[in-house]
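Input: a single structure, listed below in structure tokens.
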Amino acid sequence: MHKPFKLLATAAVATVLALPLAAQDDAGPKADTVVATVNGTDITVGHMIVARAALPPQYQELPDDVLFTGILDQLIQQAALADTFEGDLPARVTLSLENEKRSLTAGEVIEKMMADPLPEADVQAAYDEQFGSAEPEQEFNASHILVETEEEAREIMETVKGGADFVETAKEKSTGPSGPGGGSLGWFGKGAMVPAFEAAVVELEPGEVSEPVQTQFGWHVIKLNETRTAEAPALEDVRTDIENQLRQETLQAEIERLAEAADVDRKDVESIDPAVLKQTELLE
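Under this note's numbering, think of the first position of the sequence shown as 29, with each following residue one higher.
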């Protein structure tokens, strides 16, 4: 069964290769270019493009020639199988096709809406609302050593205050995930850490080491490395986020407007048990 299909595909490729080079350049493959015909049913480049787009991302990373051959073979086999079907399509297939068409059509509308350019004034207004009156915030760069008991924490505190290297001590003693990195927590602002930890940090001067601090994670010895004042981000730094937010808000508003304006006749479904959605046998 498979050999005639392979020969058919080979013949199609041979025909393309036989064309003059200029003709191939002028008339390259289009969505409606037929790559195979199975019992009178055409399979086109468009069918193959759609099939590839539906693949999981890991399969889309396969080499182009592998995907081309695999997808074409699959579509040919599906066409051959589908051609043997007799009678009316089952309800589950018909309803699935209706749902798929509705979903894809709605997706096209959404895609066009999301692609519409946003007025620069709207982007600027959204930026001003979020960041225009934002006060500069203090940020902290700190490291810590996490252990299980207060006794261990106090012993470590005395060791590092006595001159031991904090980074090396953290690598050796800390049980937290930042231990192998010398206990570094990087930069963070207020609200990023649990209250007890934050309260200890804000009381420190750069270079100081804290007394043992208890949190739900254990006991910490904290060193404040440095502080800085974080200004509001520039518009260009957050433009993508703002535009995405505005598009989402616009889309949601339009969906609600369309739903409100549509002629919707909701039936009385109070008597229907919601568990009916599990009864796939109704589609037989």
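Just so you know, even glycine gets a beta-carbon here, dropped at the ideal spot from N, CA and C.
Exercise for the section: Tell whether a beta-carbon distance below 7 Å holds between valine 78 and proline 57. Expected result: no
Handout entry: Nearest-angstrom Cα separation, counted from isoleucine 250 out to phenylalanine 159
Key = 32 Å
Practice task
Identify the continuous beta strand (DSSP E) that holds alanine 64 and give its terminal residues.
Solution key: 62–66
Exercise for the section: Evaluate contact between the stretch 151–165 and the stretch 238–246, counting only Cβ atoms and requiring at least three cross-stretch pairs below 8 Å. Expected result: no
Exercise for the section: Can you give me the start and stop residues for the beta strand (DSSP E) that asparagine 217 sits inside? Expected result: Correcting the residue identity first, residue 217 is glycine in this sequence and not asparagine. Residues 212–217.
Problem - Exposed unless 16 or more other CB atoms sit within 10 angstroms - verdict on leucine 103 - result: buried
Exercise for the section: Could you check the C-alpha separation between alanine 260 and glutamate 271 for me, to the nearest Å? Expected result: 17 Å
Practice task
Can you have a look at leucine 310 and say buried or exposed, based on whether 16 or more other CB atoms are within 10 angstroms of its CB?
Solution key: exposed
Exercise for the section: Count the other C-beta atoms from every protein chain shown that fall within 10 angstroms of the C-beta of leucine 45, then say buried if there are 16 or more, exposed otherwise. Expected result: The pLDDT assigned to leucine 45 is 37, lower than 50, so where the model puts this residue is not dependable; a value taken from the coordinates is nonetheless given after this. The residue is exposed, with fewer than 16 neighbouring Cβ atoms inside 10 Å.
Problem - Member of Ala154, Trp215, Ser124, Ala303 whose CA lies at the smallest distance from the CA of asparagine 169 - result: Trp215
Problem - Contact between the stretch 170–184 and the stretch 276–290 (3+ Cβ pairs under 8 Å) - result: no
Handout entry: Rounded C-alpha distance that separates valine 230 from glutamate 157
Key = 29 Å
Exercise for the section: State whether the stretch 291–310 contacts the stretch 261–281, with contact taken as three or more CB pairs (one from each stretch) at a distance under 8 Å. Expected result: no
Problem - Distance CB(tyrosine 155)-CB(leucine 83) smaller than 7 Å - result: no
Handout entry: Own chain partners of valine 188 with C-beta closer than 6 Å, once the 5 adjacent residues on each side are dropped
Key = Phe194, Thr197, Val237
Practice task
Can you tell me the Cβ-Cβ gap for valine 66 and alanine 134, rounded? I've got them flagged as a contact below 8 Å.
Solution key: About 31 Å separates the two Cβ atoms, so there is no contact after all.
Exercise for the section: Return helix, strand or coil for isoleucine 300, following the three-state DSSP convention. Expected result: coil
Practice task
Would you tell me roughly how many angstroms separate the C-alpha atoms of glutamate 312 and valine 94, rounded to the nearest one?
Solution key: 38 Å
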